[in-house]
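Student: Numbering (the working numbering), first residue to last: -8 to 193. A virtual CB, placed ideally from N, CA and C, is assigned to each residue, including glycine. Quick caveat, the model's predicted, so the values are computed rather than measured.
1) Does the segment 63 to 75 touch the segment 114 to 123, meaning 3 or more C-beta pairs lie closer than 8 Å?
2) Which term fits residue 37, buried or exposed, when burial requires 16 or more other beta carbons within 10 angstroms of its beta carbon?
3) Taking residue 74 as the reference, which of 131, 92, 55 and 88 has the closest Cα?
4) Between residue 39 and the rest of its own chain, which residues show a CB-CB distance below 6 Å, the 5 nearest in sequence each way excluded?
5) Could you tell me the boundaries of the alpha helix (DSSP H) in which residue 32 lies?
6) Roughly how far, in whole angstroms, is the beta-carbon of residue 165 from the beta-carbon of residue 136, given that I think they are within contact range, below 8 Å?
7) I'd like the ranges of any alpha helix (DSSP H) spanning at least 4 consecutive residues and lying wholly in the segment 99 to 130.
8) On a CA-only basis, which of 148, 13, 129 and 99 is nearest residue -6? Give me that one, please.
9) If you measure between the beta carbons of residue -2 and residue 66, is that distance less than 7 Å?
10) Round the Cβ separation of residue 90 and residue 108 to the nearest angstrom and send it over; I've been treating them as touching at under 8 Å.
11) Restricting to Cα atoms, I'd like to know which of 95, 126, 111 and 46 is closest to residue 82.
12) Count the other CB atoms, across all protein chains shown, that sit within 10 Å of the CB of residue 95; report buried if there are 16 or more and exposed otherwise.
13) Nearest CA to the CA of residue 53: which residue from 62, 64 and 41?
14) In the DSSP assignment, find the unbroken beta strand (DSSP E) run with residue 183 in it and report its ends.
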């Protein structure tokens, strides 16, 4: 049995499942600091750590039918490649961030979603087109809430793709507008959405 964790980060979640690992475990990660962490934590345990950035177009450096289970949490993916590397009967399990996550927050800063079509229906369709059957499809919507403007600043630095080029100096007017909302007693709550898909190669 073999499992692949796409976009493993520093391997934290995979390590939490250590008791359930099969004989063969591989991971991909494309962010250099996380690659170093994953190698430090996972390689000594026999995990194959591949330094590669996954995307909707990129091929993956694995053999046809190599994995019985492919996991992906918040990492982009090529549906055709996922189908190719899955063994017959293999399962693909992914949780993704909806492409319109915090769209209303972005609008405050004059930004727009980069992946507006990234949603449950679209991703399920891509997996079906790749030849996989959908066993489970669930969506979640909620709110991303901040208690102060400083937290918004911290968040936008942590996820720089939401508002490209964000700095306090260049976006001061938008930050003051958010502060005014708080002072009027309005919550700083913005749209949030996730979706989960489980697909199988029949």
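Tutor: Let me lay it out:
1) yes
2) Residue 37 sits at position 46 when you count from the first residue of the chain shown. Residue 37 is exposed by the Cβ-count criterion.
3) Within the chain shown, residue 74 is the residue found at index 83, counting from 1. Ranking the options by Cα distance to residue 74, first place goes to 55.
4) To locate residue 39, count along the chain shown from 1; it is residue 48. Taken in chain order, the residues that qualify are 17.
5) Working through the chain shown from its first residue, we reach residue 32 at position 41. 23 to 33 is the span of the alpha helix (DSSP H), which, as asked, contains residue 32.
6) Working through the chain shown from its first residue, we reach residue 165 at position 174. Working through the chain shown from its first residue, we reach residue 136 at position 145. Contact flag wrong, Cβ pair sits at about 18 Å.
7) 111 to 120
8) As a first step, residue -6 must be located in the chain shown, where it is residue number 3. Checking every option, the nearest Cα to that of residue -6 belongs to 13.
9) Walking along the chain shown from the start, residue -2 turns up at place 7. Walking along the chain shown from the start, residue 66 turns up at place 75. It is a contact, given that the beta carbons lie within the stated cut-off.
10) By one-based count along the chain shown, residue 90 stands at place 99. By one-based count along the chain shown, residue 108 stands at place 117. That pair is a contact at about 6 Å.
11) Start at 1 with the first residue of the chain shown, and residue 82 comes out as number 91. Minimum Cα distance to residue 82 is reached at 126.
12) In the chain shown, counting from the first residue as 1, residue 95 sits at position 104. So residue 95 counts as exposed.
13) On the chain shown, position 62 is the one that residue 53 refers to. Among 62, 64 and 41, the Cα nearest to that of residue 53 is on 41.
14) Here residue 183 refers to the residue found at position 192 when the chain shown is read from its first residue. Counting along the chain, the beta strand (DSSP E) containing residue 183 begins and ends at 179 to 191.
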